[in-house]
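K.L.:
Residue numbers (the working numbering): 938 to 1554.
Here it is, the structure in full.
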Amino acid sequence: MDPIESTENGREYTTSSDEDLYICDQDSVASSVDSTLDPVLDRPSFDIYTPEEDCDSEANLLQQRKRCRLSSTSSTGGDGREIENDGVSTERWRSSDESDVKLLQPDFTPVQVPGPKLLPHKCSSPLQFFQLLFPKVMMQSIVGHTNVYGTKCKDVGERWHYISLKDLKSYMGLVIYTGLLKCSLLTEYWRESQYFSPSFPAQVMSYETFVTIANTLHFSNTTEDKQNYSKKGTAAYERLGKILPPYQFIREACKTYFHPFQNITIDERIVTPQPRTALNARENKSTDGGYKLFALTDCTCGYTWDFFIYEGKLRASQNERLSYESVMALVDENMLGFGYKLFLDQFYTSPTLFRDLLGKNIYACGPVLPTRKGFPKILVNRLSKKAPRGTMRWIRDDDLLFVEWKDSQEVQMCSTFHKAYEGDTVQRKVKGDSHRTLVEVPIPAVVLDYNRNVGAVEPSNFITGHYRVLHKPKKWYQCVFYHLLDIAVENAFILHELVAERKKQKALTRKTFLETLVLELTEMDAENRSAPVSLAPPVAPFSSSVSTPVSAPPTPPESSLPEGSHRPKHIVPDSTVGRRKCKLCQLKTPVICVTCDVPLCFQPKRDCFNQWHENKV
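Written as structure tokens, this is what we have:
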């Protein structure tokens, strides 16, 4: 018989008539069952009679049902259950050559149109995208709280000098800069070396200024901090009080300017601060005293749409595990919409969670631990440990599909929207007689789809946390702030990419975007760098301990020079580029003689300019 396609509860199933539990000997019961066939499921319906029907009809139906079971010696159900002649069902794992039910893809109905939204028309530069998520209002608030905290801080050492909005922007620009250019120590960025030191940080601010801002950076009202601290140990105590204002603002801003596409994922990020606080979470041995941040990320572009910081067991529900609660806290169907596909790793995946998400019309898949509650314990026809690469087994439990697949190791997957096997293959190296050969091996659809979507999110995490080790914040809330800065920078770059794609323009690379953002934050872009800047650290705006930098010998004005006299001049406005070899010492120099057109060093410790002209005369 031809396969019959049916639909039940919005999901399409394909079954074979010879696999139906209720198919009986046509000669014995065909005449009595034909009148009771359901037109959709094509199987006897014994619950369609009304109470007004006589008892004889109900008795006849029960007798027919009994004869059906006795007349079938052995049959297999469409859900993977093997029906024996005694009526007892024995579940078993099925192989890839056995057909699975055909599922309809979920209807995707998001609350808003996916992609960037509510962006200003003039939003084009990296700084403008960054200030969508990190606006001037929040920066001014941080400046105010830092100045108040600095006057009371004992780490300053001397009288506090107020910082400005420009100082804070320059500080954040240098923090991003330390991620672009790697040095082994923070002091290396201000190292006074002629050949082996970067010159940019010293042009922005001194090392002492940078360290002072780093030690006194504050984000909340100090008076409210004292009141909150007095509530410690009670339910009214706010653990995130010192970072709460920027934490709430950036979290809301991330959801304001973007709406996720259909494929989403939840990842766990661990950041290890220096001190041990109540936020330290040790769910496993790999989490060495750090705090956890759970983030809902778009699989298409890597945008962090929502996130929250794990505050400890006191805030978690006692009924479910952290893995369950974290997913339910981030996946809000009223904010997202319906029909989303959620990809999770094995820390979150559980049959209970997937069924509850399906009740919200959110579909999910991911690797699952065999020890999870609800994972099939059936041993019949299960995947053998010695099975060849590419072998798979599957079993369906109502809406849940469980798949076991042999790759280099055994992989167990669970899904609510995949079919067991759709004929996909993947190339793998297999041992031969003399060498490894590349062969095509079957791969389940759930494994292929999971790798495609989760793998696209990983590059967005490369930017987070790679510079924080350099200056090791002493306070936990400062460490959280740097991670919030990571999220704002990365999301700003993704918005820039999506807007450029929408306008059919070429987007900047990540490196170029970050370099431009650093120049705009520090106000050291090309338009403001027409005059050369000394490589020595400048005087700090609020520190009296920094010595005055040594500058190059002053150049007399052109009008005061006699005709034919020699005058030094920078080759290009930027002294860090366009250098040429000195005519006398063969070292690189940014200065040339206007009259002779000869590159010559013009420094206090290497005055080749005057020495060259004296010898020439």
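Heads up, the beta-carbon is just placed ideally off N, CA and C, and yes, glycines get one too.
On a predicted model such as this, the values are computed, not experimentally measured, just so you know.
(1) Okay, do the region 1302–1318 and the region 1363–1377 touch, 3+ Cβ pairs below 8 Å being the bar?
(2) Return the chain-ordered list of same chain residues with a C-beta closer than 6 Å to the C-beta of Ile1424, the five sequence neighbours on each side being excluded.
(3) Take His1507 as the anchor and find which of Leu1267, Leu1123, Cys1522, Ile1529 has the nearest alpha-carbon.
(4) For Trp1097 and His1058, I'd like the C-alpha separation in whole angstroms.
(5) Could you tell me whether the region 1106–1113 touches the region 1126–1142, using the rule of 3 or more Cβ pairs below 8 Å?
(6) Would DSSP call Tyr1228 helix, strand or coil?
(7) Decide if Arg1373 is buried, meaning its Cβ has at least 16 other Cβ atoms within 10 Å, or exposed.
(8) Check whether the Cβ atoms of Ser1062 and Thr1353 sit closer than 9 Å, and answer yes or no.
(9) Take every Cβ of the region 1317–1325, pair it with every Cβ of the region 1277–1297, and state whether three or more of those distances are shorter than 8 Å.
(10) Using a Cβ-Cβ cutoff of less than 7 Å, which residues in the same chain neighbour Gln1415 once the five nearest sequence positions on both sides are dropped?
(11) In whole angstroms, give me the CA-to-CA distance for Met1075 and Val1391.
(12) Work out the CA separation of Pro1072 and Leu1056 for me, nearest whole Å.
(13) Could you check where the beta strand (DSSP E) with Val1148 kicks off and where it finishes?
(14) Following a CB-centred definition, is Glu1551 positioned closer than 8 Å to any heavy atom of the ligand ATP?
(15) Does the beta-carbon distance from Phe1067 to Leu1458 come in below 9 Å?
(16) Can you tell me where the beta strand (DSSP E) with Ala1301 in it begins and where it stops?
(17) Would you kindly work out how many angstroms separate the C-alpha atoms of Ala1357 and Val1383, rounded to a whole number?
(18) Determine, using beta carbons only, whether Phe1156 and Pro1183 come nearer to each other than 9 Å.
(19) Once DSSP output is grouped into helix, strand and coil, what is the label at Pro1325?
(20) What are the boundary residues of the alpha helix (DSSP H) that includes Trp1413?
(21) Decide if Asn1165 is buried, meaning its Cβ has at least 16 other Cβ atoms within 10 Å, or exposed.
(22) On the premise that Tyr1086 lies in contact with Thr1159, defined as a C-beta separation below 8 Å, what is that separation, rounded to the nearest angstrom?
(23) Go through the region 1048–1093 residue by residue and report every complete run of the alpha helix (DSSP H) that reaches 4 residues or more, in order.
(24) Report yes or no: do the region 1189–1203 and the region 1233–1240 share at least 3 C-beta pairs separated by less than 8 Å?
(25) To the nearest angstrom, report how far apart Glu1438 and Phe1450 are at their CA atoms.
(26) If you draw a straight line from the alpha carbon of Leu1290 to that of Asp1282, how long is it in whole angstroms?
(27) Who pairs with Glu1377 in a beta bridge, going by DSSP?
(28) What is the rounded straight-line gap between the Cα of Arg1516 and the Cα of Pro1527?
(29) On the three-state DSSP scale, how would you describe Val1554?
(30) May I have the straight-line CA-CA distance separating Lys1103 from Glu1270, to the nearest angstrom?
(31) For the beta strand (DSSP E) that Ile1180 lies in, which residues bound it at each end?
(32) Return helix, strand or coil for Met1461, following the three-state DSSP convention.
(33) Within 10 angstroms of its Cβ, does Cys1538 collect 16 or more other Cβ (buried), or is it exposed?
(34) With 16 other CB atoms within 10 Å as the buried threshold, where does Gly1116 fall?
(35) What does the alpha-carbon distance come out to for the pair Leu1521 and Trp1127?
(36) Grab the span of the beta strand (DSSP E) containing Phe1312 for me, first residue to last.
P.N.:
Working from what's here:
(1) The region 1302–1318 vs the region 1363–1377: no contact.
(2) Against the sequence shown, residue 1424 aligns to sequence position 487. Cβ neighbours of Ile1424 beyond the five flanking positions: Thr1241.
(3) Numbered from 1 along the sequence shown, position 570 holds the residue referred to as residue 1507. Comparing Cα-Cα distances from His1507 to each of Leu1267, Leu1123, Cys1522, Ile1529, the minimum goes to Ile1529.
(4) To locate residue 1097, count along the sequence shown from 1; it is residue 160. To locate residue 1058, count along the sequence shown from 1; it is residue 121. Roughly 41 Å between the two C-alpha positions.
(5) yes
(6) Position 291 of the sequence shown, counted from the first residue, corresponds to residue 1228. Residue state, collapsed to three classes: strand.
(7) Counting from 1 along the sequence shown, the entry for residue 1373 is found at position 436. Burial call: exposed.
(8) Residue 1062 sits at position 125 when you count from the first residue of the sequence shown. Residue 1353 sits at position 416 when you count from the first residue of the sequence shown. No. Outside cutoff.
(9) no
(10) One-based indexing of the sequence shown puts residue 1415 at position 478. If we look at Gln1415 and ignore the five residues flanking it on each side, its Cβ neighbours are Leu1154.
(11) As a position in the sequence shown, residue 1075 is number 138, starting the count at 1. As a position in the sequence shown, residue 1391 is number 454, starting the count at 1. Counting only the Cα atoms, Val1391 lies some 33 Å from Met1075.
(12) The residue you call residue 1056 lines up with position 119 of the sequence shown. The residue you call residue 1072 lines up with position 135 of the sequence shown. Spanning the two alpha carbons is a distance of roughly 14 Å.
(13) By one-based count along the sequence shown, residue 1148 stands at place 211. Val1148 -> not in any beta strand (DSSP E); alpha helix (DSSP H) instead, spanning 1144–1153.
(14) No copy of the ligand ATP occurs in the structure displayed, which carries no ligand at all.
(15) Working through the sequence shown from its first residue, we reach residue 1067 at position 130. Working through the sequence shown from its first residue, we reach residue 1458 at position 521. Contact flag set, yes.
(16) By 1-based counting over the sequence shown, the position of residue 1301 is 364. Here the beta strand (DSSP E) through Ala1301 covers 1300–1304.
(17) Your numbering for residue 1357 matches position 420 in the sequence shown. Your numbering for residue 1383 matches position 446 in the sequence shown. Whole-angstrom Cα-Cα distance: 7 Å.
(18) Within the sequence shown, residue 1156 is the residue found at index 219, counting from 1. Within the sequence shown, residue 1183 is the residue found at index 246, counting from 1. Cβ distance < 9 Å, so Phe1156 and Pro1183 count as in contact.
(19) Looking up residue 1325 in the sequence shown gives position 388. DSSP places Pro1325 in coil when its eight states are reduced to three.
(20) Start at 1 with the first residue of the sequence shown, and residue 1413 comes out as number 476. From DSSP, the alpha helix (DSSP H) with Trp1413 extends over 1413–1439.
(21) The count along the sequence shown starts at 1 and reaches residue 1165 at position 228. Asn1165 is buried by the Cβ-count criterion.
(22) As a working note, residue 1159 is residue 222 in the sequence shown. As a working note, residue 1086 is residue 149 in the sequence shown. 6 Å between Cβ atoms; contact.
(23) 1063–1070, 1073–1089
(24) By the criterion of at least three beta-carbon pairs nearer than 8 Å, the region 1189–1203 is in contact with the region 1233–1240.
(25) For this step, residue 1438 is matched to residue 501 along the sequence shown. For this step, residue 1450 is matched to residue 513 along the sequence shown. Spanning the two alpha carbons is a distance of roughly 15 Å.
(26) Residue 1290 sits at position 353 when you count from the first residue of the sequence shown. Residue 1282 sits at position 345 when you count from the first residue of the sequence shown. Each residue's Cα considered, the two are about 13 Å apart.
(27) As a first step, residue 1377 must be located in the sequence shown, where it is residue number 440. Glu1377 is bridged to Gln1364.
(28) To locate residue 1516, count along the sequence shown from 1; it is residue 579. To locate residue 1527, count along the sequence shown from 1; it is residue 590. The alpha-carbon atoms of Arg1516 and Pro1527 are separated by roughly 5 Å.
(29) Reading the sequence shown from its first residue, position 617 is the one you call residue 1554. Model confidence at Val1554 stands at a pLDDT of 49, short of 50, so the residue's coordinates are unreliable and nothing is read from them.
(30) Within the sequence shown, numbered from 1, the residue matching residue 1103 stands at position 166. Within the sequence shown, numbered from 1, the residue matching residue 1270 stands at position 333. Going by the C-alpha atoms only, they are around 41 Å apart.
(31) As a position in the sequence shown, residue 1180 is number 243, starting the count at 1. Segment: none, Ile1180 is in no beta strand (DSSP E) and carries neither H nor E.
(32) The residue labelled residue 1461 in the question sits at position 524 within the sequence shown. It is coil, neither helix nor strand.
(33) Indexing the sequence shown from 1 puts residue 1538 at position 601. Within 10 angstroms of the beta-carbon of Cys1538 lie 16 or more other beta-carbons, which makes it buried.
(34) Taking the sequence shown and counting its residues from 1, one reaches residue 1116 at position 179. Residue environment for Gly1116: buried (at least 16 other C-beta atoms within 10 angstroms of its C-beta).
(35) Taking the sequence shown and counting its residues from 1, the one referred to as residue 1521 is at position 584. Taking the sequence shown and counting its residues from 1, the one referred to as residue 1127 is at position 190. Using only the alpha carbons, I get a separation of about 28 Å.
(36) Numbered from its first residue, the sequence shown carries residue 1312 at position 375. Run containing Phe1312: none; DSSP gives neither H nor E here.
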